[in-house]
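What the sequence shown shows, in our numbering, is residues 55 to 232, in sequence order. Input: a single structure, listed below in structure tokens.
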Amino acid sequence: MRIAIIGTAALLTLGLAACNQDKLAVGAPMAGGARAVATLQTADGAAVGTASASEVAGGLRFTIDARGMPSGTHGTHVHMVGRCDAPDFTTAGGHWNPTAMKHGSMNPQGPHGGDLPNLIVGTDGRGTLGITIPGMTMAGLFDADGSALVVHAAADDLMTDPSGNSGARIACGVFGAA
Numbered sequence: 055m056r057i058a059i060i061g062t063a064a065l066l067t068l069g070l071a072a073c074n075q076d077k078l079a080v081g082a083p084m085a086g087g088a089r090a091v092a093t094l095q096t097a098d099g100a101a102v103g104t105a106s107a108s109e110v111a112g113g114l115r116f117t118i119d120a121r122g123m124p125s126g127t128h129g130t131h132v133h134m135v136g137r138c139d140a141p142d143f144t145t146a147g148g149h150w151n152p153t154a155m156k157h158g159s160m161n162p163q164g165p166h167g168g169d170l171p172n173l174i175v176g177t178d179g180r181g182t183l184g185i186t187i188p189g190m191t192m193a194g195l196f197d198a199d200g201s202a203l204v205v206h207a208a209a210d211d212l213m214t215d216p217s218g219n220s221g222a223r224i225a226c227g228v229f230g231a232a
């Protein structure tokens, strides 16, 4: 009987420890976590998708749902200013870089907090992307001048500072609280 009680207690302890581990895992959903959304637009104002940022355990989860975009591979980045003035969206500033790193996930001195993977858009004009960026916060995303999501014309080489040779900015959206 005593062995059965000790065994049951041990199993319950392990089960509770596993539950706590799940809650601490980076990227795990958080009840009541803040969310931000941006409508992506071209320079002529056409809506070409949405981007969202969600608070998750240990960071932010970014998702992009693009539609009506040129097919191909496009660099995508969170930029440090919440402005998307046409025609070239340069008012969005440089990449969001709260940790003062170099550009690119392949750069030994990188990446920026705003460096996202390339967005691959099919011949139907659609593309999706989802990634969790550890250590980033909603407070950082919504600093004094906000932030924006920018889609570039070319693929990001994931290494060259400051923007991965990803070319012109073809779509932009300002994050706002959802």
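Note that beta-carbon positions come from the ideal geometry of N, C-alpha and C, so glycine has one too.
Which of helix, strand or coil DSSP assigns to residue i
i, result
"Asp76", "At Asp76 the pLDDT is 46, less than 50, meaning the model places this residue with poor confidence; the figure from the coordinates comes in the next sentence. If DSSP states are grouped into helix, strand and coil, Asp76 belongs with the helices."
"Thr96", "coil"
"Gln146", "Sequence check: residue 146 is Ala here, not Gln. Looking at Ala146 - three-state DSSP - the assignment turns out to be helix."
"Leu173", "strand"
"Gly122", "coil"
"Ala111", "coil"
"Leu189", "For the sequence presented, residue 189 should be read as Gly rather than Leu. Correct three-state label for Gly189: coil."
"Gly194", "helix"
"Pro152", "coil"
"Pro141", "coil"
"Ala101", "strand"
"Val135", "coil"
For residue j and residue i, the rounded distance between their alpha carbons
i, j, result
"Thr104", "Ala120", "6 Å"
"Ala111", "Met213", "27 Å"
"Pro171", "Gly99", "25 Å"
"Cys138", "Val132", "12 Å"
"Ser220", "Ser159", "14 Å"
"Ile174", "Ala198", "32 Å"
"His206", "Ser108", "22 Å"
"Asp215", "Thr96", "25 Å"
"Ala79", "Asp211", "29 Å"
"Ala88", "Ala232", "8 Å"
"Ile187", "Ala222", "24 Å"
"Ile224", "Phe143", "8 Å"
"His166", "Ser106", "18 Å"
"Val102", "Phe229", "15 Å"
Distance between beta carbons of residue j and residue i, contact taken as under 8 Å
i, j, result
"His27", "Ser201", "In the structure as shown, the chain starts at 55 and stops at 232, and residue 27 therefore has no counterpart that could be examined."
"Thr145", "Leu203", "No, Thr145 and Leu203 are not in contact; Cβ-Cβ is about 14 Å, not under 8 Å."
"Ala82", "Leu195", "With 8 Å as the limit, Ala82 and Leu195 do not qualify as a contact, their Cβ atoms being about 19 Å apart."
"Gly227", "Thr93", "5 Å"
"Gly22", "Met134", "The displayed coordinates of the chain run from 55 to 232. Any statement about residue 22 would go beyond what the structure contains."
"Met192", "Gly113", "With 8 Å as the limit, Met192 and Gly113 do not qualify as a contact, their Cβ atoms being about 10 Å apart."
heavy atom of the ligand ZN below 7 Å from residue i C-beta
i, result
"Asn151", "Because no ligand of any kind appears in the structure shown, any question about the ligand ZN cannot be addressed here."
task = Inspect the CB distances between the region 180-200 and the region 117-131 and report whether three or more fall short of 8 Å.
result = Contact between the region 180-200 and the region 117-131 is present, with at least three C-beta pairs closer than 8 Å.
key: Sequence ranges, beta strand (DSSP E) only - wholly within the region 198-232, length at least 3   = Inside the region 198-232, DSSP marks whole beta strand (DSSP E) runs of 3 or more residues at positions 202-206 and 223-228, from first to last along the chain.
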